[in-house]
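Asks: Here my numbering = 1-based position in the sequence shown + 1. We put the beta carbon where it would ideally sit given N, CA and C, even for glycine. Note that this is a predicted model, so its numbers are computed, not measured. My questions all concern the structure below.
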Amino acid sequence: VQLQASGGGLVQPGGSLRLSCAASGSIFSFNAMRWYRQAPGKRRELVAGISSGGNIYSVASVKGRFSISGDNAKNTVYLQMNNLEPEDTAVYYCWGEISNREYWGQGTQVTVSS
Numbered sequence: 002v003q004l005q006a007s008g009g010g011l012v013q014p015g016g017s018l019r020l021s022c023a024a025s026g027s028i029f030s031f032n033a034m035r036w037y038r039q040a041p042g043k044r045r046e047l048v049a050g051i052s053s054g055g056n057i058y059s060v061a062s063v064k065g066r067f068s069i070s071g072d073n074a075k076n077t078v079y080l081q082m083n084n085l086e087p088e089d090t091a092v093y094y095c096w097g098e099i100s101n102r103e104y105w106g107q108g109t110q111v112t113v114s115s
């Protein structure tokens with residue numbers, strides 16, 4: 002199983018980006034999929050997640066701005082990021098879990114700067 006993250010880039014404050022996490026197989030196989038991020042000099046942190054049962058959650062700092070969703074036909078999970086702030090600058094990673102085994106994507110850089 003492989004996860005391929007994409008969609009990062011440079012955006013001005015207040016702008017939007019949509020990150021994609023494409024799985025090599027069906028996302029139905031995953032018990033959960035998440036987005037994490039790691040800013041320079043900081044620990045990797047959870048951003049948002051979605052479970053196989055459809056439960057969606059996100060951390061307080063991104064609520065109302067970021068949303069996670071999945072497209073089963075495309076085997077892809079998305080992170081829609083709106084109203085981006087400089088504090089959102091980080092490398093974003095997608096993560097998935099199947100039968101207690103974890104899988105990580107390679108990360109995509111998001112830079113929010115004017």
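Please name the residue or residues paired with Phe67 in a DSSP beta bridge.
Replies: Stepping through the sequence shown from its first residue, residue 67 is reached at position 66. Looking at the DSSP assignment, Phe67 forms a beta bridge with Met82.
Asks: For Ser62, which of helix, strand or coil comes out of DSSP?
Replies: Here the question's residue 62 lines up with position 61 in the sequence shown. Ser62: helix per DSSP, three-state reduction.
Asks: Compute the beta-carbon to beta-carbon distance between Trp36 and Tyr93, rounded to the nearest angstrom, for a pair I have assumed lies under 8 Å.
Replies: What you label residue 36 is simply residue 35 of the sequence shown in a count that begins at 1. What you label residue 93 is simply residue 92 of the sequence shown in a count that begins at 1. That belief holds up - the Cβ atoms of Trp36 and Tyr93 are roughly 6 Å apart, short of 8 Å.
Asks: Which residue or residues does DSSP assign as beta-bridge partners of Gln110?
Replies: The residue you call residue 110 lines up with position 109 of the sequence shown. Answer by DSSP bridge pairing, in chain order: Val92.
Asks: Tell me whether the beta-carbon of Thr90 lies closer than 8 Å to the beta-carbon of Val113.
Replies: Locating residue 90 in the sequence shown gives position 89, counting from the first residue. Locating residue 113 in the sequence shown gives position 112, counting from the first residue. Yes, the Cβ-Cβ distance between Thr90 and Val113 is below 8 Å.
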